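Asker:
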Amino acid sequence: MSNPTPVLPDRPETSAEDCLRQLTRRDFQTTQEIRWCPGCGDYSILAQVQKVLATVGSPRENTVFVSGIGCSSRFPYYVNTYGFHTIHGRAPAVATGVKCANPDLSVWVVTGDGDSLSIGTNHLIHCLRRNVDLRILLFNNRIYGLTKGQYSPTSDFGLKTKSSPLGTIEQPISPLGLALAAQATFVARTIYADPPHLARILEAAARHRGAAFVEILQNCRVFNEGAFENVASRAEAEQSRLLLEHGKPIRFGLGGSKGIAVRDMEPVVVDVNPDDPEPEGILRHNAQADSPALASLLAALMPPAFPTALGVFRDVQRPTYNELLIGQIQDSIKRRGRGDLRKLFNAGTTWQVD
Amino acid sequence: MSNPTPVLPDRPETSAEDCLRQLTRRDFQTTQEIRWCPGCGDYSILAQVQKVLATVGSPRENTVFVSGIGCSSRFPYYVNTYGFHTIHGRAPAVATGVKCANPDLSVWVVTGDGDSLSIGTNHLIHCLRRNVDLRILLFNNRIYGLTKGQYSPTSDFGLKTKSSPLGTIEQPISPLGLALAAQATFVARTIYADPPHLARILEAAARHRGAAFVEILQNCRVFNEGAFENVASRAEAEQSRLLLEHGKPIRFGLGGSKGIAVRDMEPVVVDVNPDDPEPEGILRHNAQADSPALASLLAALMPPAFPTALGVFRDVQRPTYNELLIGQIQDSIKRRGRGDLRKLFNAGTTWQVD
Amino acid sequence: MDTCPTNGKQFVEVQQATVRFAGDSGDGMQLVGSQFADIASLMGNAIRSIPDFPSEIRAPVGTLAGVSGYQLNFGDEEISTPGDSPFVLVAMNPAALKVSLPDVQPGGIIIVNQDEFAPANLAKARYPANPLEDGSLAGYRVIPVAITQLNEEATRPSGLSGSQRARCKNFFALGIVLWLYDRRVQPVLEWLMTKFRKTPEVMAANGASLRAGYNFANTTELFRVHYHVAPAQLPKGRYRRVTGNEALALGCIAAAHQVERCLVYASYPITPASEVLHELARHKEFDVRVIQCEDEIAACCAAIGASFAGAVGATGTSGPGLALKTEALGLAVMTELPLVAINVQRAGPSTGMPTKTEQADLNMALYGRHGEAPLVVLAAATPADCFPMAFEAVRLATRYMTPVILLSDSFLANSAEALAIPDPDRLPDLRVAAPTKDTPNFAPYRRDAKTLARPWAIPGTPGLEHRIGGLEKEDVTGVVTYDAANHRRMVEQRARKIAGIADDIPPAKVEGAPSGDLLMVGWGSTYGAIAAAVRQAQAEGRAVSHLHLRHLNPLPRGVESALRAFRKVLVPENNTGQLSAYLRSQFSVPIRPLTKVEGRPFLIRELRQAIEETLKHE
Amino acid sequence: MDTCPTNGKQFVEVQQATVRFAGDSGDGMQLVGSQFADIASLMGNAIRSIPDFPSEIRAPVGTLAGVSGYQLNFGDEEISTPGDSPFVLVAMNPAALKVSLPDVQPGGIIIVNQDEFAPANLAKARYPANPLEDGSLAGYRVIPVAITQLNEEATRPSGLSGSQRARCKNFFALGIVLWLYDRRVQPVLEWLMTKFRKTPEVMAANGASLRAGYNFANTTELFRVHYHVAPAQLPKGRYRRVTGNEALALGCIAAAHQVERCLVYASYPITPASEVLHELARHKEFDVRVIQCEDEIAACCAAIGASFAGAVGATGTSGPGLALKTEALGLAVMTELPLVAINVQRAGPSTGMPTKTEQADLNMALYGRHGEAPLVVLAAATPADCFPMAFEAVRLATRYMTPVILLSDSFLANSAEALAIPDPDRLPDLRVAAPTKDTPNFAPYRRDAKTLARPWAIPGTPGLEHRIGGLEKEDVTGVVTYDAANHRRMVEQRARKIAGIADDIPPAKVEGAPSGDLLMVGWGSTYGAIAAAVRQAQAEGRAVSHLHLRHLNPLPRGVESALRAFRKVLVPENNTGQLSAYLRSQFSVPIRPLTKVEGRPFLIRELRQAIEETLKHE
Ligand SMILES: Cc1ncc(C[n+]2csc(CCOP(=O)(O)OP(=O)(O)O)c2C)c(N)n1
Ligand SMILES: Cc1ncc(C[n+]2csc(CCOP(=O)(O)OP(=O)(O)O)c2C)c(N)n1
Ligand code: SF4
Ligand code: SF4
Ligand SMILES: [Mg+2]
Ligand SMILES: [Mg+2]
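Protein chains in written order, with our numbering: chain A, -3 to 350; chain B, -3 to 350; chain C, 2 to 619; chain D, 2 to 619.
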């Protein structure tokens, strides 16, 4: 009998077939009837994910979608790749197992604000910290959709819901703040209502090596309509969105007439000359900074005092968990030779009975 | 039969007896034999906690210690108050229940780096975010002590332990970074090796209203000896410790000859004149800032490039979860009158059968 | 069936009737269904209803997945299920017809809103042809009514917009059914007046539609017969309609009130238990402290913490959530703290079928903890029974210092029936004497001689400072010890305490003769169907009786002798035979399981048939 | 007992001997104990050992909590337990004496290091008076030796510091015992030479102390007798010593190797399962991918994810951790993925007594999931048996696409015995054919006609893209559906798949006569004690046999007939009767439980006595 051969190629291989032609969005659609409420923000996200998978040429058979439980977590059924709709909150843990078992796979996690920031916070944080090479899409609608409208950890303070008839009494959590504290190597935010931006961010996430965390602001039409109205509205976009671009000054407002500066470590809005391409005295975005301090500051900006920042907050490189894990295995094999059961069984003191 | 009377005083009452005399450390000692390894850092922490309880005059019967599982979590057995040694990682959740059931109690959580940052991360984050009025002491020895020496989420990258014979491959997590991201209202760090500092920080935590989170660097003599050697060492203290004081310039080094400044949102060490009480160009500590950005920056400073910051990083006020919860109850009673079972039972459509 | 002529139409007296309103989720079927239930109740009928919600996410209008139904069974004698199959179906669109048709009685009446049977809607319901025209409904009395159009006309005077008026058409349908069952419109009009106090136009439009429907039915040639169901002989008293989940919430509030301690309910939302959370969150004036936790583990732990601090700690969930509470339940066993853990079961395993019913968590409730961790297991039998069983759970938890798992299920949770409103002054006193500084010889594990409960020494009490936890405790003192003999003793005492509760609960009570050919043993929501089937069989002279278990651990006294008093024992369960195996393990008595694991409750006729077959085969 | 004179001393031939080395945690008792076990093995004896660790945290030197012991039972015939009670006790300090004394055989030999019996140490051990002087040891042959002093002298030439030399005194004690049992010092010296290759002074000092101890015993007047235990008749082959945890790790590695897939072991540390994690982490050259997870939920989920992706996914824990995995195990049942979940049981409930043994998680393994969630449950019987049972767990998991819970316990985990080293070339081939693009009619839930397993379609395979999850699946296609008949069918198929495994495992095999007066039925770590007690009883002519269950779900074929072939059935368990209840629930056969819940395994004599009593009483 032959020895097992750990398959440890350096780069994922694309299947011969798929290499021959450009994939399209249709390649990633399934025949399963889509079961989201009419008008749900999830539809737009699904469309862009399918498009981006085609754009980056992710071979269907090497792509795996893993989700928890929630409206958003029905996602894998609608993507024609391998898929695993797991249990509530545990998708990052399952995905870690998938990636460690076969690092060739491109693994995507789809989760909701309840799924990943309530029951599943622990797994999310630890997989970001370990930098497991996963793309994590958090659909943040600031509500529990599937269970029909209880408040979630990202719900606004005071929100009245079925489980908070007098208003919530909990400070909402910042998904990005938490991801940055967990030392995620890629952290971004985008919104269902801006498909081109969504696609751009998803593509950047797809190309990142390591844990890529994307918060997607998503409207729950039925239970939390309008939670992101001011950011979603196209009319207000210039005022309400702060579009981050690496290396560029951090500005927004009509024609870029405002900028973000920092005074005594607190962010402030300042006026800038819209015609000045490089205005002085305002922050410049650096997604690759040593410290996540700038990213954290930007992630914390909130309406009404500030616009909502969208874009890639952080994009740095660190060896991935799966690379390091496989690296130790390859090193051990190099040092000790491929595992030999006879040697293993006979290690230490043995004796013969004749 | 009389109606139940929710007991909702505005401030904890101290028992008559204890008011009459000054409590001492001995009042908080139990007869239970202490079972930590000789030389364990936990002893020093226990002594200071007992001392501080006496100092702040915490009535024994109104004080509750809740812990998870770990060497550190044996703590409640050694403090002569009410105590609950719960299950691994769940102390913040149990403590939340205790506090909500009786907000008069002064509730302390004792936990380890494994207990609260591995299995229990979720509960820790949510109780900080909710600002439940608890004091949370995290004994960080960067190892699993009780289970005899596996690496923990705070272990240094590369640490060789029983479960990582070739060295860990995980980026350690920052307890303070996480607490700040969770929007804790009081965040501090101290070390077992400096009892006066420990006592000062514990006292500040004791007096905080809201969730007070204290990371205590603690030496595990048996499984991770010397993890904090450079901070613990008295000889190196001036160089290795950055002692934070609210409102004061942030400086360290021999005679205060170095300061921390920020350039492009990254911290840097700069030389300052030791004789200048208010040197220019370095940061000034503000534990009460609107944004936790400064606190996060300081929390992230790490040897060898930087000293380790100790002290109170953040100390702000926000209504506590338990106050808001009880507030809604009091409001409801005010609006609707104290709950009347007859009215409750007969609400909605009823009919009589005769 | 008596018949008598009224205004040219036939009038038929019936004993019982099952009606289902079905339409799109947006059509307001739950509203008119429950109004109809109230009218039936007000006129003295016994009732039992069940909604049929679309599963989870709202589906597109008009689709099969979007159908919402409400079925009511009412009658002049005991009504114990929502009815095997509707005699009258109101179908507001093709999808509603398609989903409900398989359940309708052969020869039943189907009232359809014919306006909605246009090609687009037929396609959404995946009808290749119009069922109203292709003869496929030949076995039923189909009554097509242009409800959309007639409602439109009736509501025009209200001045509301077209779309607002369209939303009234459910009342048109209700009007028809009210006429059909000879009910008055007046109580509904009164209800509308309170409900839409602030929007009189809406009130007026709904009222107009209701009357129009009633009048339409009265005058049209389509209806030749209408029915009358006489009032039932119910015990005297005041009643209200409750679902199982509502009754659980009421029971918890009432019990905590009687313990004279605040109720801390810590929970994480999950179908079908969430309404308990919602309901309790609405009653803050009872000092109910609701904590929506980050997960079920936290919920169970917070409830335990609350109990430690002297509150009535309770937590509620469904199967996947109870699975997560497993470890914390063990802690409650070891620390001997009162805790009520409600499990509203749904179809499993794993995520399973979240909106479907099942009784397959009994094993987990009985056995699902590591180590020797006995606790009390209870199960409610009907929606209204959820009230006394929640009360009982709190009683046993606080009196015996023990966690109690209370089992309900999706069927009970959503189904409604009449609850005889208890007199608060006659609810039992549940106060537990807590030790004080002056209690002689206080020790945290010194047990009460009778109940074997340890004292509930509450933080805040001077002089009783003590420490508890998950490690094994020394008898009496509660000090941590790994002593061998002590462990044996403590394991034994914890078991004996729970077993002893059998003396504090009603002994097994067989409904029907105490011995005979067949005993039907049930637990939980099968009650109604078993009771009805047994009554029918008894009426036909069969020597069949019924034993229903509300206490599953400990079992009531007398179960074994009851089992042995019958030639055969049949245990119907919505699982693969968990109670059967449990009873065998306790008594070594031969038992036949009758299982139905389809996400739906038993029908009465299924049980009738099983009774006959069991009696037939020797 | 043969006696023959050697150098003026008596020489006694014995068949079996039990020796315990006890001292402070820092005294190196585990080291010399296991050396002695190896020497005994090398000389052909059958062995079985058990350490007695101090509980959890290291206690202060010299205290009762700090005592560390190592007990070895060795003999010239089958040795199946570490021995009921030591004949020889080596006590390195007063605390060690106090802790061990209750276990020592009356008349046994107690070798004490008299140098340590000074007042300070006596106080730490809570001895009011010196037991060497107050006559309290009158029933034993006490041999006081000045070990500290003699070791000090013997090691002086090494040039090491005083404290380093003091650490050699365990070898002095070993030297004494080697002489006492007529063993050679040479193998130990050789072992020292490899072990301390890099520190020759340490090697020299330990060697000197060892020889000094041996020579001291040989020459002193204190010892008048020494013993000889002849080699046992063991099956031919090569052997090594393994603990249960080591054997589990080896079994997993070997099995994954035979499946030809990588092993992903995801775990969270917990006593007494952590060594499996440690051991597997050391064998990366076998492509063992160890993930130390953030908690047990993550561990179980990561293992499931790994299995989905085509690895052998395994996870290991103890009771509290298994409790947390409950929900994820349900997911593995629903998705029908291979998964091995090892549970090294410890005394519960809750945190319980983490360092003590118990078998009380059987119920949780069998029943502890919501919904109908059957899975395979196995239990290893001896430390060495952990190897084949881990192998079997992987075989069943991958062949039947099912989670498997493998039960071990603290006793097996730490106890050691000889493992007959298997020939890797003769291990069964466990490869499973995975479907490919060319598999005709692939569907994710199309079952194998024989095993009923669904195909293991592995991500990365082109053309087999499919979606699985925790929701109920349509038969064959795997599409989500809440259809009633489908649910019934799927529940039934999942159950039938597991039940069918009974045809693929060895039928129940009774050790001893196939019928008789009494059948002793056991599972797990009680094997050794039951086997020994039954052998003794058979030798005395009793009609007693032994049935030991390694497969608990499904049970092997033939259990029922085996049970019925005996007049009585007695089930010894370290719990309150879980297997008894389970067997009754399956077969309605009368069964007597014999329970011991003290955190310690059964002694042979306890079972002997139970056999006699059961046979006596009618
Ligand atoms: C263990 C467990 N607890 C609770 C639930 C019920 N549940 C399902 S989804 C969900 C929350 C969904 O919210 P979110 O993650 O924000 O997703 P959304 O539906 O909003 O997309 C909950 C509480 C469950 N399925 N499993
Ligand atoms: C559910 C569960 N999993 C695992 C364990 C085992 N366990 C006990 S303490 C501990 C970690 C202790 O580490 P830490 O919290 O850092 O405390 P320390 O002992 O270092 O003070 C673990 C893994 C347990 N008791 N319960
Ligand atoms: S409930 Fe909300 S999030 Fe869920 S599908 Fe509907 S609109 Fe979308
Ligand atoms: S193992 Fe470490 S942390 Fe635990 S008691 Fe010993 S020294 Fe302290
Ligand atoms: Mg959501
Ligand atoms: Mg630690």
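Using N, Cα and C, we set each Cβ at its ideal position, and we do this for glycine too. Remember, it's a predicted structure, so these values are computed and weren't measured experimentally.
1) Give me the DSSP bridge partner(s) of Q72(D).
2) Closer than 8 Å to a non-hydrogen atom of ligand 3 - does that hold for the CB of Q44(A)?
3) Applying the 10 Å Cβ sphere with the 16-neighbour rule, what's the burial state of H618(D)?
4) Give me the Cα-Cα distance between A485(D) and S351(C), rounded to the nearest whole angstrom.
5) Using a beta-carbon distance cut-off of less than 8 Å, what residues from the stretch 148 to 164 of chain A approach chain C?
6) Taking all protein chains shown into account, decide if R331(A) is buried (16 or more other Cβ within 10 angstroms of its Cβ) or exposed.
7) Strictly under 9 Å for the Cβ-Cβ distance: is A582(D) near chain C by that measure?
8) By a C-beta neighbour count over all protein chains shown, 10 Å radius and 16 as the cutoff for buried, is T577(C) buried or exposed?
9) Please report whether the beta-carbon of L98(C) lies at a distance below 9 Å from any beta-carbon of chain D.
10) Could you tell me the alpha carbon to alpha carbon distance between A391(C) and P404(C), rounded to whole angstroms?
11) Given that a residue counts as buried once 16 or more other Cβ atoms are within 10 Å of its Cβ, and exposed if not, what is D190(A)?
12) Are any of the Cβ atoms in chain B nearer than 9 Å to that of P6(C)?
13) Less than 9 Å separating the beta-carbons of R242(D) and A381(D)?
14) For S114(A), return the contacting residues in chain C, with the cut-off set at a CB-CB distance below 7 Å.
15) Grouping DSSP H, G and I as helix and E and B as strand, with all else coil, what is A207(B)?
16) Taking the straight line between their C-alpha atoms, what separation do you get for L553(C) and T383(C)?
17) For D39(D), which three-state DSSP category applies?
18) Using a Cβ-Cβ cutoff of less than 6 Å, which residues in the same chain neighbour P115(C) once the five nearest sequence positions on both sides are dropped?
19) Going by DSSP in three states, T157(B) sits in which element: helix, strand or coil?
20) Helix, strand or coil for D135(D), going by three-state DSSP, please let me know.
21) When you compare the stretch 303 to 312 of chain D with the stretch 273 to 280 of chain D, are there three or more beta-carbon pairs, one atom per stretch, that lie closer than 8 Å?
22) Is it true that the CB of G173(A) sits closer than 9 Å to the CB of K158(A)?
23) Mind listing the chain C neighbours of H488(D)? Cutoff is C-beta to C-beta under 8 Å, in chain order.
24) Do V227(A) and A295(A) have their C-beta atoms within less than 9 Å of each other?
25) Does DSSP put Q11(D) in a helix, in a strand, or in coil?
26) Could you pull out every residue in the same chain whose Cβ sits closer than 8 Å to the Cβ of D39(C), ignoring the five residues on either side in sequence?
Answerer: If we stick to the structure as given:
1) BP columns for Q72(D) point to R21(D), I51(D).
2) No; taking the cut-off as 8 Å, the Cβ of Q44(A) has no heavy atom of ligand 3 nearer than that.
3) By the neighbour-count rule (16 or more Cβ atoms within 10 Å), H618(D) is not buried but exposed.
4) A485(D) and S351(C) have their C-alpha atoms roughly 17 Å apart.
5) Within the stretch 148 to 164 of chain A, the residues whose Cβ lies closer than 8 Å to some Cβ of chain C are P149, K158, S159, S160, P161, L162, listed in chain order.
6) By the neighbour-count rule (16 or more Cβ atoms within 10 Å), R331(A) is not buried but exposed.
7) Yes, because at least one Cβ of chain C sits closer than 9 Å to the Cβ of A582(D).
8) T577(C) should be labelled buried.
9) Not an interface residue.
10) When rounded, the distance between both Cα atoms is 13 Å.
11) D190(A) should be labelled buried.
12) Residue placement at P6(C) cannot be trusted, given a pLDDT of 47 that sits under 50; the coordinates are not used to answer.
13) Between R242(D) and A381(D), the C-beta spacing is not below 9 Å.
14) Neighbourhood of S114(A) in chain C, by CB distance below 7 Å: E295, D296, in chain order.
15) If DSSP states are grouped into helix, strand and coil, A207(B) belongs with coil.
16) Roughly 16 Å between the two C-alpha positions.
17) Three-state result, D39(D): helix.
18) Note that residue 115(C) is Gln in the sequence shown here, rather than Pro. Residues of the same chain with a CB within less than 6 Å of the CB of Q115(C), apart from the 5 flanking positions on each side, are P145, A147 in chain order.
19) Of the three classes helix, strand and coil, the one that applies to T157(B) here is strand, per DSSP.
20) If DSSP states are grouped into helix, strand and coil, D135(D) belongs with coil.
21) No, because fewer than three Cβ pairs between the stretch 303 to 312 of chain D and the stretch 273 to 280 of chain D fall closer than 8 Å, the two stretches do not touch.
22) Not closer than 9 Å, so no.
23) Per Cβ cutoff of 8 Å: A348, M354, K357, V598, E599, G600.
24) No, the Cβ-Cβ distance between V227(A) and A295(A) is not below 9 Å.
25) It is a strand residue.
26) Counting only residues of its own chain and dropping the five nearest sequence neighbours on each side, D39(C) has a CB closer than 8 Å to the CB of P188, W192, R242.
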